[in-house]
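The next block holds one structure in the form of C-alpha cells; read it before the comments.
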Amino acid sequence: LSIDPGVIVKFKYPSSKLDVYGTLNANGTNDNKIYFTSYKDDTVGGDTNADGNTTLPQPKDWRQIIIYLGANANLNYSVFRYGGNTSLNCSEYTCFGAINNKGNLNLVNSEISQNDRYGIYQKSTGIITVNSSTIDKNTQNGIYAEAGNITISNSTISNSIRGISVSGNSNLTLNNNIFANNIIAA
C-alpha cells in the first residue's frame with residue numbers, strides 16, 4: 448500500500464486499526480505530511496464528525512498500526528496521533544502502541560505523539576529505525592521494546608514517563624538524540 452503526500456487517514460472507532468502484512472509506504476513531504484489520527488481531530492482535514500468543538504481528540508481514540516512479521520513500513524513525513532487504544536479484547540502482544548512493530552519499521556522525518564501507553568511497541572524480533580523524528584507526549588513510553596534491533600538517530604523523544612524502555616533481547620543504538628522532560632530518560 449502506498450499513501451500519497453497530503454493524505455489524511457482518520458480512524459473513527461476505538462477498535463479501528465491498520466494491519467500491514469506486506470509493505471506500507473507512506474511518503475509525505477515537509478509541506479504535505481501524511482496523517483494517521485482520530486476522527487475527532489479537527490486540526491487536519493477539517494471537522495470530519497461535524498460537531499464543532501463538542502468532541503476533542505484524545506489518546507485511545509483509535510487502536511494502532513500493526514506491522515506483522517515479515518512486513519515493512521516505510522514512513523516519511525508521517526504523523527501519528529491519538530491512537531494506542533488498549534482497552535479492547537485482543538491478544539496481549541497486538542494491543543500496545545500507536546505503532547506495533549513485529550517486522551521492519553523505518554520512520555524518518557515523522558511524529559508520534561499523544562498516544563496512549565507507547566508511541567512504538569515491539570515485543571517480538573523486528574527492526575526499528577528512527578531518524579530525524581519526534582516522539583512526544585505518549586502516556587507511558589516513547590518507545591518500548593523487548594526484542595529486536597532499534598536504531599534511533601537525530602531524533603527528539605520527550606514528555607513521556609520513559610523516553611525509551613528496552614529489555615530482553617534488544618539491541619539499542621543511539622546517535623545524536625535529544626531526551627527532554629521524560630520522567631525517566633531511557
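FYI, the numbering for the sequence shown is 448 to 633, going by the working numbering.
Heads up, the beta-carbon is just placed ideally off N, CA and C, and yes, glycines get one too.
Here the structure is a predicted model, which is why all the values come from computation and not from measurement.
Query: Sequence-distant residues of its chain with Cβ nearer than 6 Å to Ile582 (five each side left out); Result: Ile559, Gly566, Gly589 and Ile604
Query: Terminal residues of the beta strand (DSSP E) in which Val454 lies; Result: No beta strand (DSSP E) contains Val454, which DSSP labels as neither H nor E.
Query: The stretch 493-508 contacting the stretch 474-481, beta-carbon criterion three pairs below 8 Å; Result: no
Query: Proximity test, Cβ basis, 9 Å: Asp451 and chain D; Result: The structure shown contains no chain D; it holds only a single protein chain.
Query: Length of the line joining the Cα atoms of Ser612 and Ala594; Result: 11 Å
Query: Runs of beta strand (DSSP E) lying entirely within the stretch 555-632, each at least 3 residues, in chain order; Result: 558-560, 565-569, 574-578, 581-583, 588-600, 603-605, 609-622 and 625-627
Query: Which of helix, strand or coil DSSP assigns to Gln511; Result: strand
Query: Cβ contact (3+ pairs, closer than 8 Å) linking the stretch 462-476 and the stretch 488-499; Result: no
Query: Backbone secondary structure at Val467 - three-state DSSP; Result: strand
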